[in-house]
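**Student:**
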Amino acid sequence: MKLTELTIAAARDGLAAGEFTSVELTAANLSAMENTRDLNAFVCETAEKAQDMAAASDVRRARGADLGAMEGIPIAVKDLFCTEGVRATACSHILDGFTPPYESTVTTNLWDAGAVMLGKTNMDEFAMGSSNMSSYDGPVTNPWRAGDDGAKLVPGGSSGGSAAAVAARMAMGATGTDTGGSIRQPGAFCGVVGMKPTYGRCSRWGVIAFASSLDQAGPLTRTVQDAAIMLGAMAGHDPKDSTSVNESVPDFEAALTGDIKGLRVGVPKEYVVDGMPGEIGELWRRGVDWLKDAGAQIVDISLPHTKYALPAYYIIAPAEASSNLARYDGVRYGLRVEGDSLQDMYANTRSEGFGAEVKRRLMIGAYVLSAGYYDAYYLKAQKVRARIAQDFHDAWETVDVVLTPTAPSAAFAQGEKMDDPIAMYLNDVFTVPASLAGLPAISVPAGLSSDGLPLGLQIIGRPFDEETMFRVAGVMEREAAFTAHPMTGEA
Amino acid sequence: MSKLLKGRTGDWEIVIGLEIHAQSITKAKLFSGASTAFGAEPNTQVSLVDAAMPGMLPVLNEESVRQAVRSGLALNSKINLHSVFARKNYFYPDLPQGYQISQFESPIVGEGELEIDLADGEVVTVGIERLHLEQDAGKSLHDQHPTKTYIDLNRSGITLMEIVSKPDMRSSEEAVEYATKVRSILRYIDTCDGNMQEGSLRCDANVSVRRPGEALGTRCEIKNLNSFRYLRQAIDHEAVRQVEILEDGGKIAQETRLYDTAKGETRSMRSKEEAHDYRYFPDPDLLPIDLSEEFVARMKATLPELPDARKERFVTAYALSPYDASVLVSERDTADYFETVAAGRDSKLAANWVISDLFGRLNKLTIPVSASPVSAEALGELIDLISDQTISGRIAKDVFSEMFESGEGAKAIVEKKGLRQVTDEGAIRGQVQSVIDDNPDKVADYRGGNDKLVGWFMGQVMKASQGKANPGMVNKLLREMLSA
Amino acid sequence: MSLDKDTVRRIAMLARIKVPEADLETMAGELNNILGWIEQLDEVDTDGVEPMTSVSDFRPELRADVVNDGGDAERALANAPENANGFFVVPKVID
Chain A
3 MKLTELTIAA
13 ARDGLAAGEF
23 TSVELTAANL
33 SAMENTRDLN
43 AFVCETAEKA
53 QDMAAASDVR
63 RARGADLGAM
73 EGIPIAVKDL
83 FCTEGVRATA
93 CSHILDGFTP
103 PYESTVTTNL
113 WDAGAVMLGK
123 TNMDEFAMGS
133 SNMSSYDGPV
143 TNPWRAGDDG
153 AKLVPGGSSG
163 GSAAAVAARM
173 AMGATGTDTG
183 GSIRQPGAFC
193 GVVGMKPTYG
203 RCSRWGVIAF
213 ASSLDQAGPL
223 TRTVQDAAIM
233 LGAMAGHDPK
243 DSTSVNESVP
253 DFEAALTGDI
263 KGLRVGVPKE
273 YVVDGMPGEI
283 GELWRRGVDW
293 LKDAGAQIVD
303 ISLPHTKYAL
313 PAYYIIAPAE
323 ASSNLARYDG
333 VRYGLRVEGD
343 SLQDMYANTR
353 SEGFGAEVKR
363 RLMIGAYVLS
373 AGYYDAYYLK
383 AQKVRARIAQ
393 DFHDAWETVD
403 VVLTPTAPSA
413 AFAQGEKMDD
423 PIAMYLNDVF
433 TVPASLAGLP
443 AISVPAGLSS
453 DGLPLGLQII
463 GRPFDEETMF
473 RVAGVMEREA
483 AFTAHPMTGE
493 A
Chain B
397 MSKLLKGRTG
407 DWEIVIGLEI
417 HAQSITKAKL
427 FSGASTAFGA
437 EPNTQVSLVD
447 AAMPGMLPVL
457 NEESVRQAVR
467 SGLALNSKIN
477 LHSVFARKNY
487 FYPDLPQGYQ
497 ISQFESPIVG
507 EGELEIDLAD
517 GEVVTVGIER
527 LHLEQDAGKS
537 LHDQHPTKTY
547 IDLNRSGITL
557 MEIVSKPDMR
567 SSEEAVEYAT
577 KVRSILRYID
587 TCDGNMQEGS
597 LRCDANVSVR
607 RPGEALGTRC
617 EIKNLNSFRY
627 LRQAIDHEAV
637 RQVEILEDGG
647 KIAQETRLYD
657 TAKGETRSMR
667 SKEEAHDYRY
677 FPDPDLLPID
687 LSEEFVARMK
697 ATLPELPDAR
707 KERFVTAYAL
717 SPYDASVLVS
727 ERDTADYFET
737 VAAGRDSKLA
747 ANWVISDLFG
757 RLNKLTIPVS
767 ASPVSAEALG
777 ELIDLISDQT
787 ISGRIAKDVF
797 SEMFESGEGA
807 KAIVEKKGLR
817 QVTDEGAIRG
827 QVQSVIDDNP
837 DKVADYRGGN
847 DKLVGWFMGQ
857 VMKASQGKAN
867 PGMVNKLLRE
877 MLSA
Chain C
844 MSLDKDTVRR
854 IAMLARIKVP
864 EADLETMAGE
874 LNNILGWIEQ
884 LDEVDTDGVE
894 PMTSVSDFRP
904 ELRADVVNDG
914 GDAERALANA
924 PENANGFFVV
934 PKVID
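Residue numbers (our numbering), protein chains in the order written: chain A, 3 to 493; chain B, 397 to 880; chain C, 844 to 938.
(1) Please name the residue, chosen from A/Y335, A/R362, A/L312, A/A439, that lies closest to A/A323 on a Cα-to-Cα basis.
(2) Would the beta-carbon of A/V118 fall within 9 Å of that of A/A56?
(3) If you count every other CB in all the chains shown that lies within 10 Å of the CB of B/T521, and 16 or more means buried, which is it?
(4) Under 9 Å Cβ-Cβ, which residues of chain A neighbour B/G494?
(5) Could you check whether the Cβ of C/A927 sits closer than 9 Å to any Cβ belonging to chain B?
(6) Tell me which residues share the same chain as B/L401 and place their Cβ nearer than 8 Å to its Cβ, disregarding the 5 neighbours each side in the sequence.
(7) Any beta carbon from chain B within less than 9 Å of C/R859's own beta carbon?
(8) Give the single residue among A/L8, A/V45, A/G260, A/G175 whose Cα lies nearest to the Cα of A/N134.
(9) Pick out whichever of B/R579, B/P503, B/L878 has its Cα sitting closest to the Cα of B/H417.
(10) With a CB to CB cut of under 8 Å and the five nearest residues on each side skipped, what residues in its chain are close to B/L537?
(11) Work out the CA separation of B/V445 and A/M365 for me, nearest whole Å.
(12) If you check the beta carbons only, do A/T48 and A/A30 fall under 9 Å apart?
(13) Taking the Cβ atom as the reference point for each residue, do B/K744 and B/V725 lie within a distance shorter than 9 Å?
(14) Less than 9 Å between CB atoms is the rule here; does B/N485 satisfy it with respect to chain A?
(15) Along the chain, where does the alpha helix (DSSP H) containing A/P447 start, and where does it finish?
(16) Restricting to Cα atoms, I'd like to know which of B/V831, B/N622, B/L682, B/S473 is closest to B/M696.
(17) Touch check for the segment 96-113 of chain A and the segment 11-25 of chain A: three-plus C-beta pairs under 8 Å?
(18) Mapping the DSSP letters down to three states, classify B/F677 as helix, strand or coil.
(19) Within 10 angstroms of its Cβ, does A/T38 collect 16 or more other Cβ (buried), or is it exposed?
(20) From A/A383 to C/T889, what does the alpha carbon distance come to, in whole angstroms?
(21) Excluding the 5 residues preceding and the 5 following A/P442 in the sequence, name in chain order all residues of the same chain whose CB lies nearer than 6 Å to its CB.
(22) For A/R480 and chain B, any beta-carbon pair shorter than 9 Å?
(23) Opposite B/A418 in the DSSP bridges: which residues?
(24) Output the boundary residues of the beta strand (DSSP E) element that contains A/V118.
(25) Using a Cβ-Cβ cut-off of less than 9 Å, list which residues of the segment 540-555 of chain B approach chain C; keep chain order.
(26) Taking 9 Å as the threshold (C-beta atoms), are A/F212 and A/L82 in contact?
(27) In angstroms, rounded to a whole number, what distance separates the CA positions of B/G740 and B/P703?
(28) So what does DSSP say about A/C46, is it helix, strand or coil?
(29) Can you name, in chain order, every residue of its own chain whose Cβ lies under 8 Å from the Cβ of B/L621, other than the five neighbours on each side?
(30) So that I know if they touch, is there some Cβ in chain C lying closer than 9 Å to that of B/I504?
(31) Return the chain-ordered list of same chain residues with a C-beta closer than 6 Å to the C-beta of A/P1, the five sequence neighbours on each side being excluded.
(32) I need the straight-line Cα distance from A/T400 to A/V269, nearest angstrom please.
(33) Along the segment 174-206 of chain A, what residues have a CB closer than 8 Å to any CB found in chain C?
(34) Going along the chain, which residues of the segment 384-397 of chain A sit with their C-beta nearer than 9 Å to a C-beta in chain C?
(35) At which residue ranges does the segment 75-155 of chain A contain complete beta strand (DSSP E) runs of 3 or more residues, listed in the order of the chain?
(36) Quick one: which residues of the segment 437-469 of chain B get their C-beta closer than 8 Å to a C-beta of chain A? List them in chain order.
Following this line, the structure appears as structure tokens:
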């Protein structure tokens, strides 16, 4: 088997057994990156750094030093993470040339666990998008195609580059960030596992902010087990992030017992939207059957405010973003476009520096917070958010996890939905509720559409109970037996 | 004393509310570990958080919370056990985040009140609306380059306590007294050094005028007054300006104004104001502050005796006049100094020496009492010499001057210069006798009924003794011998 | 609630984004479209509901009052588009 086809778990065993070195594993991934540049998944390749880190890992291993959970495993990093001495631009023109003199906590944790950095991945500008089309570095092409002569498809977003890189076997795993679905939806579109932990599980320090009350880092991997391993290395309390929870990180991998007998799985009746292809509903029903067959108890539940999650999200996230992105003013870093006056310089810089979708959200954000509209929009949205969180809270009385589809469609063509923001927003209709409630959720590839494109199912867990969520996801993965491969076409 | 302003068309009442921005005494900033020391090279006290680098997050300094709670307690105000940080959004180059982290709907300290003493003895109660925590901005330097503004972020993120009063003041005197009292209290409890020159304490004044008894008029906010003198001048000028407009039939526009210290007038900053819509919302990077009653009680226990209580004690324990007591307690150092001097001594004498002699000198040279060349112990020694009649009060003044100049002790000066008072009756009697013998005309005059001449004889004898003769004894002997 | 051109101009100014006069109408239409969709929130009964500002129900450790950061002007200025004599530099501010 090619080294790039290995899972993190298998590579870990192979490295431990001395079957290959991290340098070899890393070289294989670097060469895959080179051969697959046309996907535009990476915006920055750090080959030299990768080789150095891999060599250092091999030395540690040879010395018999304490090895980390990700020892020698090459991974990709979303461009939203600040990486010391390596560009971090959130794929925005406004951060042109920005090279942070600091390293985010999550990536620091990964390097401390022995992981090797391959490069920075493409994404929607400032993580605002569901197609990766808003990147200043250009779109990412999904490694999957609908048939041989199908159009180029989007990988989903905003962690589109990360999902594509993992799916196309360029990286064994990748970091993503999820504000309203930005890990899970591209995971589903690219046929990989995408996992967003409980809000507060991973530090946000050094992650370029989009919407602070929602942003969470998480892994994109090819298996549930890999996601458990990688999350274990990313998570942990960080005193530099006031919203990072001071709880010990469980052994997520150990939670994958394969046994879900007696677990109660909630199936919410509201996760249906107009125009949703029938095959999504069918896959969902199959998912229910798999879990039932594995011994879980299926419980029909209601999460009555589900349909209001998306509009509430499109007030809260832009409001926070409009404030978070005020720091991009051409004064201390990034792009500056000169003007006749200071005000001119501000407006020129921000008008040229931000893309259309970002500007649209900044405008909405400024509007919903402005005098006279705050109560009607922002405050209302926060109250609706409380309602949505309460729905889940009530559900946990009767169920242990909730099962839903991840997205209402499979990957769509590049350029589609570009002139209809709301249609684009609807991609996140099933992922946003868990984001607003701060819950852990994972998308597992569960089947193919009639066009041969991957579809995902989502498992939402209780706050800080990623273990149960992983356990169910592991069983789902086993039952779904998703083996389709975007590059070889093998199913 | 009438506080009303006389206009052409009748009397006007001035209504004033103050916002005091007090820099909290902390080593590090409100949300970062950068230093707050004054006067450093530009941008050397700037963390990545203060520079609002991408992905940086604020973490609240526990000392800032303690200082705010202690200040609230000392200002007789309610501590809110639950408070929330909010973002105040606006663009300015010395505001790196593009928002100031402040508190809006839920400040850490709520309502309270302070009593202030006016010079004529009137006591006025001023309500406090709130005290909230917020970040200071950086500094913009407009005079370094003809077409550029230079930005120094050293001050960016330093803890400020904004103390907002109710519109309870009716004259610039009241405003200055209130601000002075707030400053005095904060200095007492070491939460703000009150240094206005360094910008540790700044005032914004909200000023409006109205006919006595009528509803509140439209107010203007005068920004960034960095001395009490400017505070007084700005309020007085602004009140007159508003009255003139109203008496000419005009209307006051609610706006922010700047006091031009050179021209002695306020001018509009309206151009800036129009653009503002601060879009406050709770800061999602910070969780609310929840304090326990127990914590508040612990903070209360850290407070020293406050000026009001100390003043009361000075009046009862030291039998001082309320005025003297209030002068002495205005600064903690001064009150401490006085208490050291007064310990075991005549407290009125001590108060007189501290207030008239010591303060007179120190104020002239603008030296703080903490840097006085005459320590409290040294002044005490001097007073002891007066009390045990080693020297006279007159000589003591000279000794004090000498102490102030040279820093030498009172005893040493007295010994060195031979200033010890003469109390040997025989010696004094001899000096009195020579003065009597040398001035037969004056003696006759006195004996003829001109009693006032005793003062003149007194002067002659003291002069002859180089001031060292015990004045009581001289007086006694003079009367006795002149009548003989 | 519907946005007009003046409102779009005002919020563009608040956000420091230039919207050319000719685009104001289109932008207003786009934003109205989104806001119209958002307004379905009015259907939700939120009487007596406390607004949710955070999902975190714990209270974090606070920072000790210790100076452990800053002290490096070069680091602060390293990415600045313009700097001089240790200062960030911007076009002159006219009050």
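By construction, the Cβ of each residue, glycine as well, lies at the ideal position given by its N, Cα and C atoms. Bear in mind the structure is a predicted one, so any value in this text is a computation, not a measurement.
**Tutor:** Working from what's here:
(1) By 1-based counting over the first sequence, the position of residue 323 of chain A is 321. That would be A/R362, whose Cα lies nearest to the Cα of A/A323.
(2) As a working note, residue 118 of chain A is residue 116 in the first sequence. As a working note, residue 56 of chain A is residue 54 in the first sequence. For A/V118 and A/A56, yes; Cβs fall inside 9 Å.
(3) Position 125 of the second sequence, counting from 1, holds the residue named residue 521 of chain B. Exposed, since its Cβ has fewer than 16 Cβ neighbours within 10 Å.
(4) By one-based count along the second sequence, residue 494 of chain B stands at place 98. Correct list: S325, N326, L327, A328, R329, Y330, D331.
(5) Indexing the third sequence from 1 puts residue 927 of chain C at position 84. True, the Cβ-Cβ gap to chain B drops below 9 Å.
(6) Looking up residue 401 of chain B in the second sequence gives position 5. The answer, listed in chain order, is D407, W408, E409, I410, V605, A635, V636, V639.
(7) For this step, residue 859 of chain C is matched to residue 16 along the third sequence. At least one chain B Cβ lies under 9 Å of C/R859.
(8) In the first sequence, counting from the first residue as 1, residue 134 of chain A sits at position 132. Nearest of A/L8, A/V45, A/G260, A/G175 to A/N134, Cα basis: A/V45.
(9) As a working mapping, residue 417 of chain B is identified with position 21 in the second sequence. The shortest C-alpha separation from B/H417 is found at B/R579.
(10) Locating residue 537 of chain B in the second sequence gives position 141, counting from the first residue. Within the same chain, B/L537 has close Cβ partners T545, Y546, I547, D548.
(11) By one-based count along the first sequence, residue 365 of chain A stands at place 363. By one-based count along the second sequence, residue 445 of chain B stands at place 49. Approximately 25 Å, taken between the alpha carbons.
(12) Taking the first sequence and counting its residues from 1, one reaches residue 48 of chain A at position 46. Taking the first sequence and counting its residues from 1, one reaches residue 30 of chain A at position 28. It is not a contact, given that the beta carbons lie outside the stated cut-off.
(13) Against the second sequence, residue 744 of chain B aligns to sequence position 348. Against the second sequence, residue 725 of chain B aligns to sequence position 329. Going by C-beta atoms, B/K744 is not nearer than 9 Å to B/V725.
(14) The residue given as residue 485 of chain B occupies position 89 in the second sequence. Taking Cβ atoms only, chain A reaches closer than 9 Å to B/N485, which makes this a yes.
(15) Numbered from its first residue, the first sequence carries residue 447 of chain A at position 445. First-last for A/P447: 443-450, but that is the beta strand (DSSP E), not the alpha helix (DSSP H).
(16) Start at 1 with the first residue of the second sequence, and residue 696 of chain B comes out as number 300. Checking the displayed sequence, the identity of residue 696 of chain B turns out to be Lys instead of Met. Answer by Cα proximity: B/S473.
(17) no
(18) Counting from one through the second sequence, the residue named residue 677 of chain B turns up at place 281. Residue state, collapsed to three classes: strand.
(19) For the purposes of this step, residue 38 of chain A is taken as residue 36 along the first sequence, with counting starting at 1. A/T38 is buried by the Cβ-count criterion.
(20) Counted from its first residue, the first sequence places residue 383 of chain A at position 381. Counted from its first residue, the third sequence places residue 889 of chain C at position 46. In a straight line, the C-alpha of A/A383 is about 10 Å away from that of C/T889.
(21) Residue 442 of chain A sits at position 440 when you count from the first residue of the first sequence. Contacts found: P199, T200, G463, E468, M471.
(22) Along the first sequence, one-based indexing puts residue 480 of chain A at 478. No, A/R480 lies away from the interface with chain B (no Cβ there is under 9 Å from its Cβ).
(23) Here the question's residue 418 of chain B lines up with position 22 in the second sequence. B/M557, B/L597, per the DSSP bridge assignment.
(24) Numbered from 1 along the first sequence, position 116 holds the residue referred to as residue 118 of chain A. It spans 118-123 - the beta strand (DSSP E) in which A/V118 sits, taken as one unbroken run.
(25) Q540, H541, P542, T543, K544, T545, Y546, I547, D548, L549, N550
(26) Residue mapping note: residue 82 of chain A aligns to position 80 of the first sequence, counting from 1. Residue mapping note: residue 212 of chain A aligns to position 210 of the first sequence, counting from 1. In this structure, A/F212 lies closer than 9 Å to A/L82 by Cβ.
(27) Here residue 740 of chain B is taken as the residue at index 344 of the second sequence, counted from 1. Here residue 703 of chain B is taken as the residue at index 307 of the second sequence, counted from 1. For B/G740 and B/P703, the distance between alpha carbons rounds to 22 Å.
(28) Here residue 46 of chain A is taken as the residue at index 44 of the first sequence, counted from 1. Residue state, collapsed to three classes: strand.
(29) Taking the first residue of the second sequence as 1, we reach residue 621 of chain B at position 225. Within the same chain, B/L621 has close Cβ partners R598, C599, D600, A601, L627, A630, Y655.
(30) As a first step, residue 504 of chain B must be located in the second sequence, where it is residue number 108. Not closer than 9 Å to any Cβ of chain C, the Cβ of B/I504 fails to qualify, so no.
(31) Not covered by the structure: residue 1 of chain A. The range shown for chain A is 3 to 493.
(32) Working through the first sequence from its first residue, we reach residue 400 of chain A at position 398. Working through the first sequence from its first residue, we reach residue 269 of chain A at position 267. Rounded to the nearest angstrom, the two C-alpha atoms are 11 Å apart.
(33) Y201, G202
(34) Q384, K385, V386, R387, A388, R389, I390, A391, Q392
(35) 76-80, 118-123
(36) L444, A447, A448, M449, P450, G451, M452, L453, P454, V455, L456
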